[in-house]
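Here is the structure we will look at.
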Amino acid sequence: MKIYVLVKEVPDTYGDRKLDLETGLADRAAGEVVLDEITERALEVALSYADKNPGTEVVSLSMAPASATASVRRSLAIGAGSAVHVVDEELRGADLTLTAEVLAAAIRRGEPDLVITGNLSTDGVGGVIPAMLAEHLGYAQATALSAVEIGEGQLTGTRAGDAGAQDVTVPLPAVISITEALPDARFPNFKGIMAAKKKPLEVLSLADLGVSADPAVAPRTIMTSVAEKPARAAGVKITDEGDAAAQLVEFLAQNRLV
Amino acid sequence: MAYPEKSILVLVDVDPSGDAASSTAALLGAASTIGAPVALVVGGSQAATDAAAAAGAQVVLTAAGDASSLTVPVVDALQAAYRQVQPDAVLISNSIAGRDVAGRFAVREKLALAVDVVGVSRDDEGVTAQHSVYGGSYLTDSAPTFGAPVITVRQGAVDARAEAVASPVVEELSVTASGAAAATAGEIAAEAKTSSRPELRGATRVVSGGRGLGSKEKFVLVEQLADALGAAVGASRAAVDAGYIPYAHQVGQTGVSVSPQLYVALGISGAIQHRAGMQTAKTIVAINKDGDAPIFDVADFGIVGDVFTVVPQLIEALEARKK
Ligand SMILES: Cc1cc2nc3c(=O)[nH]c(=O)nc-3n(C[C@H](O)[C@H](O)[C@H](O)COP(=O)(O)OP(=O)(O)OC[C@H]3O[C@@H](n4cnc5c(N)ncnc54)[C@H](O)[C@@H]3O)c2cc1C
Ligand SMILES: Nc1ncnc2c1ncn2[C@@H]1O[C@H](COP(=O)(O)O)[C@@H](O)[C@H]1O
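In structure tokens, the structure reads:
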């Protein structure tokens, strides 16, 4: 079994996240960057299967600027056997369409049985990449899985859908996305960090993948304006001395909220 | 047949009973501000068709679909509808099901994709979309470089509503199955709904509870205050992780984004990931026993106090006012 896990570097949500008001792109210098937690959980799904099934190949794949090498290495330290990092200046500000095309081309080279992604990224919150990949690759798809059982030639799981949970069965090869209901990733230990230095990390360009970023080839979504909303200011803060509830009702009444 | 000029194709989400999902009115409302709404209902009942017309669809296209197969049958139907109608844009709900269809469809028809938009408009060059990013800290506009865009609309974000269409044109679509590989799906175990309580997405009032509630049993206090205010119930991720309430109620970065008139946070610290889903609320009220909790930085009215003391008094005072 060969599993590709899509890991993504994102601005740390615990810090300040900024958009460059000129370009509309994420200002990567504004705060820390981390591997998106949900993509670490996706890696954990693959690794816990590999623990029980020797011979499983787990490859992490990321499309990110050259500065993301440390995050890609982290996926190796956690336990992926090898990594693929797609880097190209022309991918700066890539929209969903181009991102999906690039990731699909990289996956196609590896011909995995299974592709695991997170259901939503914390920066883009698009939640469409997995479905786009499935269409590109001609794979079946099952998104928003809160439980996963990888079997022979197929995968079963629980889909946490809009109207409630349902059991799903997907023939392999497939693309799945998982939710944060699945366990957190194991922490990279010293042995893992040392081993990661020797694991293969392949860096690919658009030319290597045969993908063109030429805007004339396909329609793209472009950002036409960016504006920052003023931060909220704190209002009244009282300490309860027995009449806080009454004061709150008064506040709500004044604001026509009751 | 001929379709209206400036058609906007709207994919109506259908719930497990075959009814049109609650996102329908806003989707058709948004469509009506940029063109003539044409609805596509896949696997819906007559009631779903009627609901689409009542929400402003001038034409309703229907297709049988197949609920036992995930996503692909809906994409096939949407592709047939798109080719037939040749709309200026395709609007889809930013639900889990909607996003899957939008992603596959945009790739299949090679169209630009804009997701989680909070508004749509039209200029000389075509349809544009508005986004609220990084938890509402920024507002951005996007546009396709060319062609009709596929747009997913955040639930509860659009207030525009279209006038009901009394006698819509209803047409059954003929769909050729693509044969693309698909997952098979079982029955949906619908969450038991408290019919009187509003849905979280798009609610005008929300009362949310966090880890501070301490247990599933005590979380009932959140529901009681919600009922006293006629509000929907939300939660922090810590409350969801602790099993106080299902994930569907999670507000924040990786949960639902809400922009209600009133947001009440009970026993929630106000971690940045939680604030990302609620800081665009008009008025924020917080009750927390830790005076340094970051939720107070965004609260219009903060009470440093114990929820188990303050909230019962609050409910009593609210009930007293009603009499
Ligand atoms: C990638 C990522 C995504 C995330 N996404 C989300 C998300 O979508 N939504 C979300 O909410 N979180 C999210 N989180 C988690 C977030 O960081 C916090 O851990 C979480 O919001 C904390 O929930 P809480 O405020 O209920 O719990 P705590 O931080 O434990 O706060 C509990 C609060 O209750 C107060 N309290 C305790 N007892 C009482 C009492 N009797 N009366 C009054 N107050 C009391 C305490 O003072 C404390 O402030 C995410 C984290 C990451 C890393
Ligand atoms: N640039 C990227 N590199 C690798 N994986 C990605 C990238 N963008 C998105 N993904 C994957 O797709 C999932 C959903 O992302 P999104 O559709 O952007 O919300 C993420 O959790 C990742 O697993």
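Taken in order, these protein sequences are the chains called A and B. Residue 250 in my numbering is what sits at position 150 of the first sequence, and the numbering runs on without skipping anything. Residue 528 in my numbering is what sits at position 226 of the second sequence, and the numbering runs on without skipping anything. Even glycine gets a Cβ: it sits at the ideal position worked out from N, Cα and C.
Beta-carbon proximity list for residue i, same chain, < 6 Å, skipping 5 on both sides
{"i": "residue 533 (chain B)", "result": "507, 508 and 509"}
{"i": "residue 166 (chain A)", "result": "187"}
{"i": "residue 246 (chain A)", "result": "258, 260, 279 and 281"}
{"i": "residue 275 (chain A)", "result": "215, 230, 233, 234, 239 and 241"}
Residues of its chain near residue i, where Cβ-Cβ distance is below 7 Å and the 5 sequence neighbours each way are ignored
{"i": "residue 223 (chain A)", "result": "110, 111 and 126"}
{"i": "residue 627 (chain B)", "result": "Past the boundaries of the shown model lies residue 627 (chain B); chain B is included only from 303 to 625, so the question cannot be answered."}
{"i": "residue 359 (chain A)", "result": "In the structure as shown, chain A starts at 101 and stops at 358, and residue 359 (chain A) therefore has no counterpart that could be examined."}
{"i": "residue 581 (chain B)", "result": "437, 438 and 600"}
{"i": "residue 377 (chain B)", "result": "403, 406, 407 and 410"}
{"i": "residue 338 (chain A)", "result": "344 and 347"}
{"i": "residue 124 (chain A)", "result": "323 and 326"}
CB contact flag (residue i, residue j, <8 Å)
{"i": "residue 306 (chain A)", "j": "residue 188 (chain A)", "result": "yes"}
{"i": "residue 237 (chain A)", "j": "residue 248 (chain A)", "result": "no"}
{"i": "residue 541 (chain B)", "j": "residue 577 (chain B)", "result": "no"}
{"i": "residue 358 (chain B)", "j": "residue 525 (chain B)", "result": "no"}
{"i": "residue 226 (chain A)", "j": "residue 196 (chain A)", "result": "yes"}
{"i": "residue 453 (chain B)", "j": "residue 379 (chain B)", "result": "no"}
{"i": "residue 288 (chain A)", "j": "residue 177 (chain A)", "result": "yes"}
{"i": "residue 471 (chain B)", "j": "residue 365 (chain B)", "result": "no"}
{"i": "residue 451 (chain B)", "j": "residue 484 (chain B)", "result": "no"}
{"i": "residue 620 (chain B)", "j": "residue 336 (chain A)", "result": "no"}
{"i": "residue 462 (chain B)", "j": "residue 331 (chain B)", "result": "yes"}
{"i": "residue 345 (chain B)", "j": "residue 316 (chain B)", "result": "yes"}
{"i": "residue 156 (chain A)", "j": "residue 150 (chain A)", "result": "yes"}
{"i": "residue 501 (chain B)", "j": "residue 363 (chain B)", "result": "no"}
{"i": "residue 313 (chain A)", "j": "residue 198 (chain A)", "result": "yes"}
{"i": "residue 365 (chain A)", "j": "residue 104 (chain A)", "result": "For chain A, the structure presents residues 101 to 358; residue 365 (chain A) sits outside this window and is missing."}
{"i": "residue 220 (chain A)", "j": "residue 138 (chain A)", "result": "yes"}
Within-8 Å CB hit, residue i to chain B
{"i": "residue 339 (chain A)", "result": "yes"}
{"i": "residue 208 (chain A)", "result": "no"}
{"i": "residue 329 (chain A)", "result": "yes"}
{"i": "residue 283 (chain A)", "result": "no"}
{"i": "residue 202 (chain A)", "result": "no"}
{"i": "residue 232 (chain A)", "result": "yes"}
{"i": "residue 325 (chain A)", "result": "yes"}
{"i": "residue 235 (chain A)", "result": "yes"}
{"i": "residue 135 (chain A)", "result": "no"}
{"i": "residue 382 (chain A)", "result": "Nothing about residue 382 (chain A) can be reported from this structure: the residues present for chain A run from 101 to 358 only."}
{"i": "residue 345 (chain A)", "result": "yes"}
{"i": "residue 139 (chain A)", "result": "no"}
{"i": "residue 266 (chain A)", "result": "yes"}
Cβ distance (whole Å) where residue i is taken to contact residue j below 8 Å
{"i": "residue 314 (chain B)", "j": "residue 389 (chain B)", "result": "Actually they are not in contact, since the Cβ atoms of residue 314 (chain B) and residue 389 (chain B) sit about 14 Å apart, beyond 8 Å."}
{"i": "residue 536 (chain B)", "j": "residue 551 (chain B)", "result": "6 Å"}
{"i": "residue 307 (chain B)", "j": "residue 327 (chain B)", "result": "Residue 307 (chain B) to residue 327 (chain B), Cβ: 23 Å. No contact."}
{"i": "residue 217 (chain A)", "j": "residue 106 (chain A)", "result": "4 Å"}
{"i": "residue 458 (chain B)", "j": "residue 560 (chain B)", "result": "7 Å"}
{"i": "residue 322 (chain A)", "j": "residue 487 (chain B)", "result": "36 Å between Cβ atoms; not a contact."}
{"i": "residue 160 (chain A)", "j": "residue 175 (chain A)", "result": "4 Å"}
{"i": "residue 579 (chain B)", "j": "residue 607 (chain B)", "result": "In fact, because the Cβ distance is near 24 Å, the residues do not count as touching under 8 Å."}
{"i": "residue 350 (chain B)", "j": "residue 322 (chain B)", "result": "4 Å"}
{"i": "residue 296 (chain A)", "j": "residue 173 (chain A)", "result": "5 Å"}
{"i": "residue 602 (chain B)", "j": "residue 612 (chain B)", "result": "At roughly 16 Å, the Cβ-Cβ gap does not stay under 8 Å, so residue 602 (chain B) and residue 612 (chain B) are not in contact."}
{"i": "residue 616 (chain B)", "j": "residue 569 (chain B)", "result": "Not a contact, Cβ separation roughly 14 Å."}
{"i": "residue 329 (chain A)", "j": "residue 565 (chain B)", "result": "Wrong, their Cβ atoms sit about 16 Å apart, outside the cutoff."}
{"i": "residue 527 (chain B)", "j": "residue 455 (chain B)", "result": "Their Cβ separation, rounded to whole angstroms, is 30 Å, which puts residue 527 (chain B) and residue 455 (chain B) out of contact at 8 Å."}
{"i": "residue 387 (chain B)", "j": "residue 311 (chain B)", "result": "5 Å"}
CB contact below 8 Å: residue i versus chain A
{"i": "residue 522 (chain B)", "result": "no"}
{"i": "residue 509 (chain B)", "result": "no"}
{"i": "residue 526 (chain B)", "result": "no"}
{"i": "residue 326 (chain B)", "result": "no"}
{"i": "residue 615 (chain B)", "result": "yes"}
{"i": "residue 619 (chain B)", "result": "yes"}
{"i": "residue 549 (chain B)", "result": "yes"}
{"i": "residue 513 (chain B)", "result": "no"}
{"i": "residue 388 (chain B)", "result": "no"}
Cutoff 8 Å; reference residue i; Cβ partners in own chain excluding five residues on either side
{"i": "residue 443 (chain B)", "result": "430, 431, 432 and 433"}
At 3 residues or longer, what runs of the beta strand (DSSP E) sit wholly inside the region 465-502 of chain B? 471-474 and 486-492
For the region 515-544 of chain B, which segments carrying the beta strand (DSSP E) assignment without a break, of at least 3 residues, lie completely within its bounds, in sequence order? 534-537
Please list the segments of the beta strand (DSSP E) lying wholly inside the region 229-276 of chain A, counting only runs of 3 or more residues, in order along the chain. 240-250, 254-260 and 264-271
Inside the region 300-345 of chain A only - alpha helix (DSSP H) runs reaching at least 4 residues: 306-309
Please specify which runs of the alpha helix (DSSP H), each continuous and at least 4 residues long, are wholly inside the region 370-442 of chain B, giving them in chain order. 374-387 and 398-410
What runs of the beta strand (DSSP E), each 3 residues or longer, lie entirely inside the region 542-619 of chain B? 564-568, 585-590 and 603-606
Identify every run of the beta strand (DSSP E) within the region 121-209 of chain A, keeping only runs that are complete inside it and at least 3 residues long; order them along the chain. 133-135, 157-163 and 182-186
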